[in-house]
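Here's the structure we're looking at; comments come further down.
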Amino acid sequence: MSSSQTQTYAQRAAKHPNPSAKALLDTIERKKSNLCVSVDVTKGDEFLNVIDVVGPYVCLIKTHVDIIEDFETSLIEKLQALSAKHDFLIFEDRKFADIGNTVALQYSSGVHKIATWSHITNAHPVPGPSIVTGLASVGKPLGRGLLLLAEMSTKGSLATGTYTEEAVRMARAHSDFVIGFIAQRRMDGVGASAAQSVVDEDFLILTPGVGLDSRGDSMGQQYRTPKEVVTESGCDVIIVGRGIYGTGNGIDIQAVQTQAERYRAAGWAAYLDRIG
Ligand code: S5P
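Positions 252 to 527 (my numbering) are the ones given, in order, by the sequence shown.
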């Protein structure tokens, strides 16, 4: 087993050079939570209500800010206030995928100004290393961190094999800003040549496609349990959306709280099993 897989979050936080990765690892340890809730709702009020309820149980809140119909700048201020109140980091799941110059503008500017408030964001490696340098020109001076999508949770994903290996190589070449991957398993040593020493690398693995009660949806999503993801595949953070806030119309806030605590406990137990 590789070293980062068997080390505690606290041990990894103590020596991580990236401020966002370090803050995330510290938060995970402090709150005993490797749960990230993905709040994919379209109304600002509902978005804030869900976050206020799940806040105590999470290390990270994942947003898709572009799906919010009544977005205004004050929503970000309220999100930041909740981040301070409940002690979690923010991850805008923007999945950048364009040339360096364009992603730098999308990250810094427009209506959402993502870089000003999101500690972590992500990008598809498909354009090549220039996407990382473009995003780093904005995010690195702010102490932000980037995740590359090395794999996806969906049926028939093309992010496999050599593509995944190239994503890891790209991260290794820019490890001052790339803090890890959206992936389904640990990436330690993937794509490394025999001569390369990768013993000291510590990429965080954040994993969506997590559910305790369902194995998928009707649109290609596939779910695995926290035990499969964290204990068996060595991932660091479970990302859960509909497993927590449900799939029906309207949100039952009491049920959201119950599910958030349930997933937090399952994710943490799976981690304790992994580190022994
Ligand atoms: O491979 C992926 C990558 C991501 S970031 N599969 C995913 O599902 N996601 C995101 O995770 C997706 O955009 C959504 O916001 C969340 C999963 O939501 P759930 O409701 O299926 O848990």
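We put the beta carbon where it would ideally sit given N, CA and C, even for glycine.
Glu297 is the residue among Ile312, Pro307, Glu297 whose C-alpha sits nearest the C-alpha of Asp321. In this structure, Val488 is the residue among Val488, Ile495, Ile502, Ser289 with its C-alpha nearest to the C-alpha of Gln256.
Less than 8 Å divides the Cβ of Lys406 from the Cβ of Gly471. If you look at Val419, you'll find it in the alpha helix (DSSP H) that goes 412-424. Around the CB of Gln447, fewer than 16 other CB atoms lie within 10 Å, so the residue is classed as exposed. The three-state secondary structure of Arg345, taken from DSSP, is strand. A check of alpha carbon separations from Asp451 across Thr259, Ala261, His267 identifies His267 as the nearest. In the DSSP assignment, Ala374 is bridged to Phe347, Leu399. Asp453 has its alpha-carbon roughly 14 Å from the corresponding atom of Ile433. Secondary structure at Gly462: coil, using DSSP grouped into helix, strand and coil.
Listed in chain order, the beta strand (DSSP E) runs fully inside the region 297-371 are 311-314, 340-347, counting runs of at least 3 residues.
A direct Cα-Cα distance of roughly 11 Å separates Leu330 from Phe342. Relative to the ligand S5P, even the nearest heavy atom lies 7 Å or more away from the CB of Ile502.
DSSP places Gly494 in the uninterrupted alpha helix (DSSP H) bounded by 493-496.
For the ligand S5P, no non-hydrogen atom lies closer than 7 Å to the CB of Ser426. With a threshold of 7 Å, the Cβ atom of Pro376 does not count as near the ligand S5P, since no heavy atom of the ligand is closer than that.
Between the beta-carbon of Leu400 and that of Gly390 there is about 16 Å, and that puts the pair past the 8 Å contact cut.
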